[in-house]
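*Asks:* Sharing a structure here in structure tokens format.
In the working numbering, the protein residues as written are 1 to 412.
Listed below in structure tokens is the structure:
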């Protein structure tokens, strides 16, 4: 299936209620499952990722298939390693291409019984869960912060607690801080000093928590406001004092022509004059925003240089290569190093562009949502496999229609 997106006006107004935070929901689900007494979690994310995690936590022994959900793969690998029983943890073909070796190595250092069923370092995994003693381990923190978060959350259940010494550059530290904040809110005295994390053996009870809105999902509305001639949106569900790393959006997008006003139940976005002639940013703490900001800068003819983008290589797809390929269809020639550590665009434009712009999404929800706003400048833009947005923002296309976008379903 494909969607063709059209916009007949350049002034947009509307009210949007965002999905709740997938990052917070998934962490709270793991912590709640480990608590001596579960709390009531309200407004959990309706995303496929969260649904899969809920199912995985309730499966019991046997095969747990998490599909494309990378967070669930990492969190469940750690969680199941301390749950008595025998499990097979598997996922989609793409998931079986995403590395998990560093996390498995760390769990094995703690005494976990985990074996690879196919390629060494990659899912599927055979896990024989048991009580682990804990102790002190070294972890390469330059690959994925989710490895660190997965280990942190099982720390209170280990007999000796857990000390993690972080080796190499810490990527996406804001997500480690998010995990720490959620654990401390439950009474677990986690210490994070930048290169060392200490989690004591600690019994705790869950709390009744209402999950806040997802700042990552807000990024697409910031993009629309930046690209429109004029836009005003009321975005509900976001908190000003948020633990989410992507809550940097108000500061980031003010340079790109979007003003943010905080309200009682969220934010108000409004298009303003842009002040940026070149955009430079380190996305190490907010990698999920990189695709959207790259599109906005390119379409506004603002040269950019991004750093801290290395983790994009091991997401749902190789997001660096995917961005280069699809942005070229819009005339934007993005440069990047082979490891994805930086991406840049100097204003160089491609020639011989296709008449109809059709964007491949590579089974990546953020590719679909990052490129959709480009329909403002490229009427009739086509998005392949639009259902991928269910991974994090199931109502995205309905929300677009509600503010004035026309979406036509095209058969394959």
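For glycine and all other residues, C-beta sits at the position ideal for the given N, C-alpha and C.
Looking at the unbroken alpha helix (DSSP H) that takes in residue 24, where does it start and where does it end?
*Replies:* Here the question's residue 24 lines up with position 24 in the chain shown. That run of the alpha helix (DSSP H) goes 22–34.
*Asks:* Between the stretch 50–65 and the stretch 103–122, do at least 3 Cβ pairs fall closer than 8 Å?
*Replies:* Judged by Cβ distances under 8 Å, the stretch 50–65 makes no contact with the stretch 103–122, as fewer than three pairs qualify.
*Asks:* Return the residue from the list 23, 374 and 246 that minimises the CA-CA distance to residue 43.
*Replies:* Numbered from 1 along the chain shown, position 43 holds the residue referred to as residue 43. Among 23, 374 and 246, the Cα nearest to that of residue 43 is on 23.
*Asks:* Which runs of the beta strand (DSSP E) spanning at least 3 residues fall entirely within the stretch 223–251, listed in chain order?
*Replies:* Whole beta strand (DSSP E) segments, 3+ residues: 230–236.
*Asks:* Got a sec, what are the start and stop residues for the beta strand (DSSP E) residue 65 sits in?
*Replies:* By 1-based counting over the chain shown, the position of residue 65 is 65. Where residue 65 is concerned, the enclosing beta strand (DSSP E) stretches over 62–65.
*Asks:* So, for residue 142: in the same chain, excluding its five sequence neighbours on each side, which residues have a beta-carbon less than 7 Å away from its beta-carbon?
*Replies:* Locating residue 142 in the chain shown gives position 142, counting from the first residue. 168, 169 and 171, listed in sequence order.
*Asks:* When you compare the CB positions of residue 16 and residue 236, do they come within less than 8 Å of one another, or not?
*Replies:* By one-based count along the chain shown, residue 16 stands at place 16. By one-based count along the chain shown, residue 236 stands at place 236. Yes, these two residues count as a Cβ contact at 8 Å.
*Asks:* Give me, in chain order, the residues of the same chain whose beta-carbon lies closer than 8 Å to that of residue 96; leave out the 5 immediate sequence neighbours on both sides.
*Replies:* Taking the chain shown and counting its residues from 1, the one referred to as residue 96 is at position 96. Closer than 8 Å at Cβ, skipping near neighbours: 90, 118, 119, 122, 123 and 124.
*Asks:* Taking the beta strand (DSSP E) that residue 51 belongs to, which residues open and close that run?
*Replies:* Within the chain shown, residue 51 is the residue found at index 51, counting from 1. Residue 51 -> not in any beta strand (DSSP E); alpha helix (DSSP H) instead, spanning 48–57.
*Asks:* Between the Cα of residue 14 and the Cα atoms of 299, 260 and 268, which residue gives the shortest distance?
*Replies:* Looking up residue 14 in the chain shown gives position 14. The option with the nearest alpha carbon to residue 14 is 268.
*Asks:* Can you tell me whether residue 280 is helix, strand or coil according to DSSP?
*Replies:* Looking up residue 280 in the chain shown gives position 280. Correct three-state label for residue 280: strand.
*Asks:* So, do the stretch 227–243 and the stretch 387–395 have three or more beta carbon pairs nearer to each other than 8 Å?
*Replies:* Taking 8 Å as the limit for Cβ pairs, the verdict is that the stretch 387–395 does not touch the stretch 227–243.
*Asks:* Hey, out of 252, 346 and 358, whose CA is closest to residue 499's CA?
*Replies:* No statement about residue 499 is possible, as the shown extent of the chain runs from 1 to 412 and does not include it.
*Asks:* In the structure shown, what three-state DSSP assignment does residue 202 receive?
*Replies:* Position 202 of the chain shown, counted from the start, is the residue given in the question as residue 202. In the structure shown, residue 202 sits in coil (DSSP, three-state: anything other than H, G, I, E or B).
*Asks:* Tell me the DSSP bridge mates of residue 406?
*Replies:* In the chain shown, counting from the first residue as 1, residue 406 sits at position 406. DSSP, once it has assigned bridges, lists 6 as partnering residue 406.
*Asks:* Mark residue 327 as exposed unless 16 or more other C-beta atoms lie within 10 angstroms of its C-beta, in which case mark it buried.
*Replies:* In the chain shown, the residue the question calls residue 327 occupies position 327. By the neighbour-count rule (16 or more Cβ atoms within 10 Å), residue 327 is buried.
*Asks:* For residue 163, does the three-state DSSP call read helix, strand or coil?
*Replies:* To locate residue 163, count along the chain shown from 1; it is residue 163. Three-state DSSP puts residue 163 in a strand.
*Asks:* For a test of the three-state rule: what should DSSP assign to residue 348, helix, strand or coil?
*Replies:* Counting from 1 along the chain shown, the entry for residue 348 is found at position 348. In this structure, residue 348 counts as coil in the three-state DSSP scheme.
*Asks:* Helix, strand or coil: how does DSSP classify residue 145 here?
*Replies:* In the chain shown, counting from the first residue as 1, residue 145 sits at position 145. If DSSP states are grouped into helix, strand and coil, residue 145 belongs with the helices.
*Asks:* Quick one: which unbroken alpha helix (DSSP H) runs of 4-plus residues sit fully inside the stretch 81–109? Chain order, please.
*Replies:* If we require 4 residues or more, the alpha helix (DSSP H) runs fully inside the stretch 81–109 come out as 101–109.
*Asks:* Comparing alpha-carbon positions, which option in 279, 230, 355 and 370 lies nearest residue 289?
*Replies:* In the chain shown, the residue the question calls residue 289 occupies position 289. Nearest option by C-alpha distance: 370.
*Asks:* Does the stretch 243–259 come close enough to the stretch 20–34 that 3 or more CB-CB pairs lie under 8 Å?
*Replies:* Touching, yes, given that three or more Cβ pairs across the two stretches are closer than 8 Å.
*Asks:* Short of 8 Å in beta carbon distance, which residues of its chain neighbour residue 33, apart from the five on each side in sequence? Order them along the chain.
*Replies:* Start at 1 with the first residue of the chain shown, and residue 33 comes out as number 33. Excluding positions up to five away in sequence, the list reads 57 and 79.
*Asks:* Over what stretch of residues does the beta strand (DSSP E) that includes residue 185 continue unbroken?
*Replies:* In the chain shown, counting from the first residue as 1, residue 185 sits at position 185. Note, residue 185: premise wrong, no beta strand (DSSP E); alpha helix (DSSP H) at 173–185.
*Asks:* With 16 other CB atoms within 10 Å as the buried threshold, where does residue 356 fall?
*Replies:* Counted from its first residue, the chain shown places residue 356 at position 356. Exposed, by the Cβ-count rule.
*Asks:* So the candidates are 284, 158, 254 and 35; which of them puts its Cα closest to the Cα of residue 296?
*Replies:* Taking the chain shown and counting its residues from 1, the one referred to as residue 296 is at position 296. Here the closest residue by C-alpha is 254.
*Asks:* Identify the residues that DSSP records as bridge partners of residue 266: which are they?
*Replies:* Translated into the one-based positions of the chain shown, residue 266 becomes position 266. DSSP output for residue 266 lists 236 and 263 as bridge partner(s).
*Asks:* Below 8 Å on the Cβ atoms is my contact criterion, and I expect residue 129 with residue 98 to pass it. Report the Cβ-Cβ distance as a whole number of Å.
*Replies:* Position 129 of the chain shown, counting from 1, holds the residue named residue 129. Position 98 of the chain shown, counting from 1, holds the residue named residue 98. In fact, because the Cβ distance is near 22 Å, the residues do not count as touching under 8 Å.
*Asks:* Just reading off the alpha helix (DSSP H) that residue 13 is part of, what are its end residues?
*Replies:* On the chain shown, residue 13 is found 13 positions in, with the first residue counted as 1. Unbroken run through residue 13 is the beta strand (DSSP E), 11–17; no alpha helix (DSSP H).
*Asks:* Which residue comes first and which comes last in the beta strand (DSSP E) that contains residue 135?
*Replies:* Taking the first residue of the chain shown as 1, we reach residue 135 at position 135. From DSSP, the beta strand (DSSP E) with residue 135 extends over 135–140.
*Asks:* Evaluate the contact criterion for the stretch 184–201 versus the stretch 218–237: three or more CB pairs, one atom per stretch, below 8 Å.
*Replies:* In short, these stretches do not touch, since the Cβ pair count stays below three.
*Asks:* According to DSSP, is residue 325 helix, strand or coil?
*Replies:* Translated into the one-based positions of the chain shown, residue 325 becomes position 325. Looking at residue 325 - three-state DSSP - the assignment turns out to be helix.
*Asks:* With distance defined between alpha-carbon atoms, name the residue in 278, 165, 51 and 188 nearest to residue 346.
*Replies:* In the chain shown, residue 346 corresponds to position 346, counting from 1. Among 278, 165, 51 and 188, the Cα nearest to that of residue 346 belongs to 278.
*Asks:* Using the Cα positions of residue 409 and residue 382, report the straight-line distance between them to the nearest angstrom.
*Replies:* Position 409 of the chain shown, counted from the first residue, corresponds to residue 409. Position 382 of the chain shown, counted from the first residue, corresponds to residue 382. Roughly 10 Å separates the two Cα atoms.
*Asks:* Just confirm the distance between the C-beta atoms of residue 150 and residue 75, as a whole number of angstroms; I'd bet it's less than 8 Å.
*Replies:* Numbered from its first residue, the chain shown carries residue 150 at position 150. Numbered from its first residue, the chain shown carries residue 75 at position 75. Contact flag correct, Cβ pair sits at about 5 Å.
*Asks:* If you measure from the beta carbon of residue 152 to each beta carbon in chain B, is any gap under 8 Å?
*Replies:* Considering every chain present, this structure includes no chain B. It has just one protein chain.
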